[in-house]
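Just so we're aligned: the sequence shown equals residues 3 to 201 in the working numbering. Every residue gets a Cβ at the ideal spot worked out from N, C-alpha and C, and that includes glycine. Step one of this worksheet: look at the structure below.
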Amino acid sequence: MMILRSAPASPYGRKVKIAAKLLGLFDRLQIAVTETANAASGLNEQNPLGKIPVLVLEDGSTLYDSRVITEYLDQLAGGGILFPRNSGRWPVLTQAALADGIMDASLLLRYERTTRPEAMWSATWMASQQSKIDRALASLESAPPVLTKPPHIGQIGIACALGYLDLRFEGRWRTAHPKLVTWLDGFAAAVPGFGETKA
3 MMILRSAPAS PYGRKVKIAA KLLGLFDRLQ IAVTETANAA SGLNEQNPLG
53 KIPVLVLEDG STLYDSRVIT EYLDQLAGGG ILFPRNSGRW PVLTQAALAD
103 GIMDASLLLR YERTTRPEAM WSATWMASQQ SKIDRALASL ESAPPVLTKP
153 PHIGQIGIAC ALGYLDLRFE GRWRTAHPKL VTWLDGFAAA VPGFGETKA
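This is the structure:
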């Protein structure tokens, strides 16, 4: 049994869980809820960066982060399922990078507001993170992803990024991005694991 160290609200952990469900590997995972702030959890020994998700393999070795873990699971399931092997690989990886960028900026905004006193917030820095999210969402709204069956890792990442914006930022992105709202509804309908992994 492999151990997935994650937290319910982590969009990166959610990405791994959805991938595992789509690949038929979820029953081979034991989910260990891990808070990154808990130094006694052993997380820092398994990932020197102190970040989740971490996948602990049956031999005790570890893989991190979500990009590595999801590709490992894809290979475990036979390969080429969520990560194309042909020339289509590059647009998929680029889409996955865009999704990760939205999640990165969103988490940085969240951390700024939850770990620093309000008097120390940097309006300029927060605006910079928000502008990254806004540009990424505008790009996706102009050309929403075409949902494949099964969805590839780029689409999974985008769904998790939008889900995190719903969770932590009251879904404010929805008003200005109706095409993306429709796309996410379609993804949720096609991928039961999306609803099953909601925090």
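- The criterion of a C-beta distance shorter than 8 angstroms is not satisfied by residue 162 and residue 122.
- The alpha carbon of residue 95 has as its nearest neighbour, out of 107, 60 and 72, the alpha carbon of 72.
- Residue environment for residue 159: buried (at least 16 other C-beta atoms within 10 angstroms of its C-beta).
- Contact annotation: the stretch 67-86 touches the stretch 12-26, with at least three C-beta pairs closer than 8 angstroms.
- Around residue 154, the same chain offers 84 and 94 as residues with beta carbons nearer than 6 angstroms, after the five sequence neighbours per side are excluded.
- Looking at the DSSP output, residue 5 bridges to 32 and 58.
- For residue 66, there is no enclosing alpha helix (DSSP H), since its DSSP letter is neither H nor E.
- Comparing alpha-carbon positions, the option among 150, 157 and 190 lying closest to residue 102 turns out to be 157.
- For residue 31, the closest alpha carbon among the candidates 192, 44, 8 and 53 is that of 8.
- Counting of Cβ neighbours within 10 angstroms places residue 166 among the buried residues, the total reaching 16 or more.
- For residue 44, the three-state secondary structure derived from DSSP is coil.
- In this structure, the straight-line span from the alpha carbon of residue 6 to that of residue 57 is close to 5 angstroms.
- Bounds of the alpha helix (DSSP H) holding residue 189 are 180-192.
- Contact between residue 146 and residue 182 is confirmed by a C-beta separation of about 6 angstroms, below the 8 angstroms threshold.
- Distance from the CA of residue 63 to the CA of residue 3, rounded to the nearest whole angstrom, comes to 13 angstroms.
- For residue 170, the enclosing alpha helix (DSSP H) begins and ends at 155-170.
- Looking only at 195, 201 and 142, the smallest Cα-Cα distance to residue 28 is reached by 195.
- Rounded to the nearest whole angstrom, the CA to CA distance from residue 112 to residue 82 is 34 angstroms.
- Ranking 201, 179, 26 and 139 by CA distance to the CA of residue 79 puts 26 first.
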